[in-house]
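*Asks:* Position 150 of the sequence shown, counted from 1, bears residue number 150 in my numbering, the numbering being contiguous throughout.
Glycine included, every Cβ here is placed at the ideal spot set by N, Cα and C.
Nothing here was measured: the structure is a model prediction, and the numbers come from that model.
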Amino acid sequence: MTNIGGKEWQAVATTSQGTTRQLAGFIAKLKPSDVPAPVKKIVRKAFVDAIGCGLHGLTMPWARTIHDFAHEQGGPTEATMWCGGGAKVSAMNAALAAGTAVHSFDFDDHARAKIHPGAVVIPAALALGERENISGERLMTAIAAGYETMIRVSLAANPSSSRMRGWHLTGTTGTFGAAAAASVILGLDAETTASALGMAGTQSSGLWAFNSDGAMSKRFHPGRAAQSGIMAALLAQRGYHGPRFILEAPDGGFLQATSDEVRIHEIADGLGRDWRTEGTCFKPYACCGSNHSSIDAALAVLAENKLEAKDVKRVLIGVSRVVETQTGFVYRPTTVLNAQMSIRYDVAVGMLDGQAYLEQFTEERIKERDVVDLASRIDVQVDQEMDAVYPELYAGKVTVETRDGRKIVKRVDYSRGMPENPMDEAEVRRKFISLATAAAGPETARAILAIVDATPEATTVRSLATALGRVKIIG
1 MTNIGGKEWQ AVATTSQGTT RQLAGFIAKL KPSDVPAPVK KIVRKAFVDA IGCGLHGLTM
61 PWARTIHDFA HEQGGPTEAT MWCGGGAKVS AMNAALAAGT AVHSFDFDDH ARAKIHPGAV
121 VIPAALALGE RENISGERLM TAIAAGYETM IRVSLAANPS SSRMRGWHLT GTTGTFGAAA
181 AASVILGLDA ETTASALGMA GTQSSGLWAF NSDGAMSKRF HPGRAAQSGI MAALLAQRGY
241 HGPRFILEAP DGGFLQATSD EVRIHEIADG LGRDWRTEGT CFKPYACCGS NHSSIDAALA
301 VLAENKLEAK DVKRVLIGVS RVVETQTGFV YRPTTVLNAQ MSIRYDVAVG MLDGQAYLEQ
361 FTEERIKERD VVDLASRIDV QVDQEMDAVY PELYAGKVTV ETRDGRKIVK RVDYSRGMPE
421 NPMDEAEVRR KFISLATAAA GPETARAILA IVDATPEATT VRSLATALGR VKIIG
């Protein structure tokens with residue numbers, strides 16, 4: 001859209017449908033039968049994954065801090081707090097706590113749009129869905145709307161451009177995803193949904209400054225986005241007019257404000273026909289998704305050449321410009337988040353331990369001499385081939401120099417968990433059991449999984465909400 005201003009822009013705003021309204025129309029009209037079977041399958045898988053991540057997340061002190069804060073804030077008793085002894089708070093505060101929990105170990109799903117939709121959309125939908133006493137089918141439809149909205153908004157912002165300006169897209173686009181899900185749950189019409197999107201966008205926030213010192217704020221961003229998205233929809237329902245050109249407005253529109261290279265066509269191209277949700281990725285490693293292909297490549301070098309970490313002299317990792325900026329910093333053991341973001345640490349611990357799971361990201365492991373030493377012998381550089389394909393491919397290339405003088409190169413384009421190299425349903429379920437068992441024991445893990453499985457066909461989502469509220473964190 002060309003830049004126009006003043007009265008001319010006001011005229012356009014009252015006569016043109018606009019991109020935001022196109023998206024709102026899709027959300028408002030979406031019915032369960034409109035969601036393709038493959039997308040429904042992914043949404044169900046994401047539902048399992050997010051709840052498992054959230055239960056384990058509540059073992060983390062940063063998640064408990066937000067959980068306790070939300071409990072203290074209270075509000076009307078609308079939604080159950082996960083692992084809260086049955087306590088109920090406002091839907092907004094419940095979503096804040098649950099969204100933070102799901103993202104609290106960086107193990108939740110992601111997308112090539114550089115976002116973590118499950119940590120935002122699912123907590124928002126479940127909290128508001130409990131308040132409204134909706135069916136499981138409506139919950140799944142709301143989640144599908146939220147995922148599709150969040151992914152498309154992020155793609156329109158051009159993830160690489162927006163990220164390099166310092167924005168954490170999970171936070172900035174998450175408000176839209178949560179508002180979309182909330183609008184479906186509330187049954188808002190298209191114009192009211194456009195207002196909800198406007199109120200969501202004007203609350204967008206989330207900065208990468210946490211990377212400077214491994215701060216906790218990254219964990220908080222999805223919870224805050226979930227909370228803000230619910231607020232946006234509830235205000236719109238009351239007749240509060242949000243900017244219904246929030247995405248495309250040339251002066252203060254979300255896309256212009258957060259990106260130097262806007263791709264606005266990503267919002268509406270194939271909307272309702274080509275589902276970007278099908279590109280959802282699930283994590284086998286508890287660290288930044290941009291690092292996974294390099295971990296896979298390093299592990300492949302060891303396996304294919306019958307090597308062990310002790311045989312490695314040095315490693316050179318080639319990645320995109322964005323990944324080098326985001327995760328290529330020199331590793332110094334400070335916080336768990338710092339280790340989860342560091343590609344040097346993640347590759348080093350993967351080579352030493354053969355995995356990058358829960359045990360690899362403890363306060364003790366991230367400081368141990370063997371992993372700190374190997375991480376210090378890993379270099380990171382921008383590789384032009386990797387940069388050219390990012391973020392369409394989260395590719396990584398490693399060159400392993402062995403102590404006997406060999407140099408072995410391995411490139412991985414599709415890490416485990418990407419749609420082209422997927423974790424199947426059984427793997428995601430095993431991940432759930434592992435995470436939930438670590439949080440609450442095996443019996444509880446199995447019981448919750450059974451209720452999660454039944455929820456999409458349930459007449460009410462309140463049974464799941466009640467069960468999650470009764471879970472007791474062990475240890």
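Do Y285 and R112 count as a contact pair if the criterion is CB distance below 8 Å?
*Replies:* No, they are not a contact pair.
*Asks:* By how many angstroms is the C-alpha of D383 removed from the C-alpha of T141?
*Replies:* Answer to the nearest angstrom: the Cα atoms are 40 Å apart.
*Asks:* Where does L449 sit, in a helix, a strand or coil, going by DSSP?
*Replies:* Helix, per DSSP.
*Asks:* Just list the residues that DSSP pairs C281 with in beta bridges.
*Replies:* In the DSSP output, where bridge partners are listed per residue, C281 has H110.
*Asks:* Going by alpha carbons, who is nearest to T402 out of N421, V301 and E364?
*Replies:* Answer by Cα proximity: V301.
*Asks:* Run the CB neighbour count on G118, radius 10 Å, all protein chains shown included, and call it buried at 16 or more, exposed below.
*Replies:* Burial call: buried.
*Asks:* Would you tell me roughly how many angstroms separate the C-alpha atoms of L307 and I42, rounded to the nearest one?
*Replies:* If I take the Cα positions, the gap works out to 37 Å.
*Asks:* Mind listing, in chain order, the continuous beta strand (DSSP E) runs of no fewer than 3 residues lying wholly within the stretch 390 to 463?
*Replies:* If we require 3 residues or more, the beta strand (DSSP E) runs fully inside the stretch 390 to 463 come out as 396 to 402 and 407 to 412.
*Asks:* Runs of 4 residues minimum, wholly inside the stretch 160 to 193: which ones carry the alpha helix (DSSP H) assignment?
*Replies:* Segments of the alpha helix (DSSP H) lying fully in the stretch 160 to 193: 169 to 186.
*Asks:* With H, G and I counted as helix, E and B as strand and the rest as coil, what does DSSP make of T77?
*Replies:* Correct three-state label for T77: coil.
*Asks:* With distances taken from CA atoms, which of M199, R244, E368 and T399 is nearest V312?
*Replies:* For the residues M199, R244, E368 and T399, the minimum Cα distance to V312 belongs to T399.
*Asks:* Identify, in the order they occur along the chain, each residue of the same chain with its Cβ nearer than 8 Å to the Cβ of T466, setting aside the five sequence neighbours on each side.
*Replies:* T80 and G86, listed in sequence order.
*Asks:* Could you say which of L352, A348, V323 and R365 lies nearest to T334 if we only look at CA atoms?
*Replies:* Taking only the C-alpha atoms, the option nearest T334 is R365.
*Asks:* Output the distance between the C-alpha atoms of L374 and N338, rounded to the nearest integer angstrom.
*Replies:* Looking at the two C-alpha atoms, the distance is approximately 16 Å.
*Asks:* Provide the residue span of the alpha helix (DSSP H) that contains I378, from first to last.
*Replies:* Per DSSP, I378 belongs to no alpha helix (DSSP H); it is in the beta strand (DSSP E), I378 to V382.
*Asks:* Among E304, M418 and I27, which residue has its Cα nearest to the Cα of E148?
*Replies:* Taking only the C-alpha atoms, the option nearest E148 is I27.
*Asks:* Measuring alpha carbon to alpha carbon, tell me which residue in E266, E304 and R138 is nearest L126.
*Replies:* If we check each option's Cα against that of L126, R138 comes out closest.
*Asks:* In whole angstroms, give me the CA-to-CA distance for V35 and E278.
*Replies:* Going from the Cα of V35 to the Cα of E278 covers about 11 Å.
*Asks:* In whole angstroms, what is the alpha-carbon distance linking A225 and L255?
*Replies:* A225 and L255: Cα-Cα distance of roughly 17 Å.
*Asks:* Please state whether the Cβ-Cβ distance between C288 and Q340 is less than 8 Å.
*Replies:* Cβ distance < 8 Å, so C288 and Q340 count as in contact.
*Asks:* Would you mind stating whether A178 and G146 have Cβ atoms separated by less than 8 Å?
*Replies:* Yes, they are a contact pair.
*Asks:* Determine the extent of the beta strand (DSSP E) in which R314 is found, giving its start and end residues.
*Replies:* Unbroken beta strand (DSSP E) run through R314: V312 to V319.
*Asks:* Give me the residue from S259, L55 and R44 with the minimum Cα distance to T444.
*Replies:* The candidate whose alpha carbon is nearest that of T444 is L55.
*Asks:* Cβ of F105 within 8 Å of Cβ of G57?
*Replies:* Their beta carbons are under 8 Å apart, which means F105 touches G57 by this criterion.
*Asks:* Here's the rule I'm using: 16 or more other beta-carbon atoms within 10 Å means buried, otherwise exposed. How should D189 be labelled?
*Replies:* Exposed, because fewer than 16 other Cβ atoms sit within 10 Å of the Cβ of D189.
*Asks:* Between the stretch 224 to 240 and the stretch 193 to 203, are three or more C-beta pairs nearer than 8 Å?
*Replies:* Result yes; three or more Cβ-Cβ pairs closer than 8 Å.
*Asks:* At what residues does the alpha helix (DSSP H) containing H292 begin and finish?
*Replies:* Run containing H292: H292 to E304, per the alpha helix (DSSP H) assignment.
*Asks:* Whole alpha helix (DSSP H) runs in the stretch 27 to 71 with 4 or more residues, listed along the chain?
*Replies:* With a minimum length of 4 residues, the continuous alpha helix (DSSP H) runs that stay inside the stretch 27 to 71 are 37 to 57.
*Asks:* Is V461 closer than 8 Å to G223 when the C-beta atoms are compared?
*Replies:* Not in contact: G223 and V461 (Cβ atoms no closer than 8 Å).
*Asks:* Can you list, in chain order, the residues of its chain whose CB lies under 6 Å from that of V409, leaving out five sequence neighbours each side?
*Replies:* Correct list, in chain order: T399.
*Asks:* What does a CB cutoff of less than 8 Å around P419 pick up in its chain, not counting 5 residues either side in sequence?
*Replies:* Hits under 8 Å: E278, G279, T280 and C281.
*Asks:* Where does the unbroken alpha helix (DSSP H) through P479 begin, and where does it stop?
*Replies:* No information on residue 479 is available, as it lies outside the stretch 1 to 475 that the chain covers here.
*Asks:* Who are the Cβ neighbours of S217 in its own chain at under 6 Å, not counting the five residues just before and after it?
*Replies:* Answer for S217: F210, listed in chain order.
*Asks:* What does DSSP give as the partner residue(s) for A218 in the beta ladder?
*Replies:* Checking the sequence, you will find Lys at residue 218 rather than Ala. Its beta-bridge partners do not exist; DSSP assigns none.
*Asks:* Give me the Cα-Cα distance between N495 and V412, rounded to the nearest whole angstrom.
*Replies:* No answer is possible for residue 495: the residues shown for the chain start at 1 and end at 475.
*Asks:* Could you check what DSSP says for I473 in three-state terms: helix, strand or coil?
*Replies:* I473: coil per DSSP, three-state reduction.
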